[in-house]
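In what follows, a structure is listed as C-alpha cells, so that the remarks can point back to it.
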Amino acid sequence: MPRMTVNDRPVLFDMDPETPLLWALRDAANLTGAKYGCGVGDCGACMVLVDGEALRSCLVTIAEAEGRFITTIEGLSPDRAHPVQQAMVAQQAIQCGFCTPGITIAAAALLRRNANPSEEEIKAAIGNLCPCGTFPRLIEAIQRAGRVVRRLETISAAPAPGINPEDAAAAVPALRVDGVAPEQP
Ligand code: FES
Ligand code: FES
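According to this note's numbering, the stretch in the sequence shown is residues 841 to 1025, in order.
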C-alpha cells in the first residue's frame, strides 16, 4: 500500500503497487485534473509534479511514487492563481482545455528552473501535444508568466472555478488522513 504526499496531504493508496499513478489520482483520489490522453507517455496530458519534476503520471507506478511529493494541477496554487494559470487565461491560450493541465504543470516546472525561457527553450521543454493548436499563444503565455515570476509584470486574470481541496477530501477516503469518509447526511 504505497504512501505518498499528494497536494500536501498524506495519502495511502490501498491498490496494486503497479497501478499507474494517473489511475490512482483520478479514480481513487478524485483528482481528475490530470487527464488520460494516450496512456503510453506520448501526449503529456497526465503530467504532475513529482518532487518538483514534471512527469507523465501514466508511466509512473504508485510503487515508484512511494514517499514522493506529488503536486497535481489542483494543488499547484491554493487559489488557482499561479502565474502560468493567470497567463494562460489572459492570453486565451486554451481551446478545449484537455491538454491544459499537463501543459500548465510542465510550464510551471520549466519556469522554476528558468524564469526567462526563449521560444526555443519552451519548445524543447514542453513536449505536450495539443491537437487544438494553441502553441503560439502557449508560448506567449509561458513567456508572460515568466515576466510575472521575475516581477516585471502582474496579471489579475480571474481564477477559474474548481474543486476546493477541502471539499474533495471530505468525500474521498483516499484524501483523508484517517482514511474514513464522513457519514453522508
Ligand atoms: S496519458 Fe500520459 S502521456 Fe498521454
Ligand atoms: S486546447 Fe484542446 S487539446 Fe489543447
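By construction, the Cβ of each residue, glycine as well, lies at the ideal position given by its N, Cα and C atoms.
query: Proximity test, residue 896 beta-carbon vs ligand 1 heavy atom, cut-off 7 Å; result: yes
query: Distance between residue 926 and residue 996 (C-alpha atoms, nearest Å); result: 7 Å
query: Euclidean distance between Cα positions of residue 872 and residue 883; result: 16 Å
query: Per-residue DSSP class, three states only, for residue 974; result: coil
query: Assigned secondary structure, residue 943 (DSSP; H/G/I helix, E/B strand, else coil); result: helix
query: Any non-hydrogen atom of ligand 2 closer than 7 Å to residue 935 Cβ; result: yes
query: Identified DSSP bridge partners for residue 888; result: 895
query: Where the alpha helix (DSSP H) containing residue 924 begins and where it ends; result: 923–930
query: beta-carbon residue 971 near ligand 2 non-hydrogen atom, thresh 7 Å; result: yes
query: Beta-ladder partner(s) of residue 849, from DSSP; result: 846
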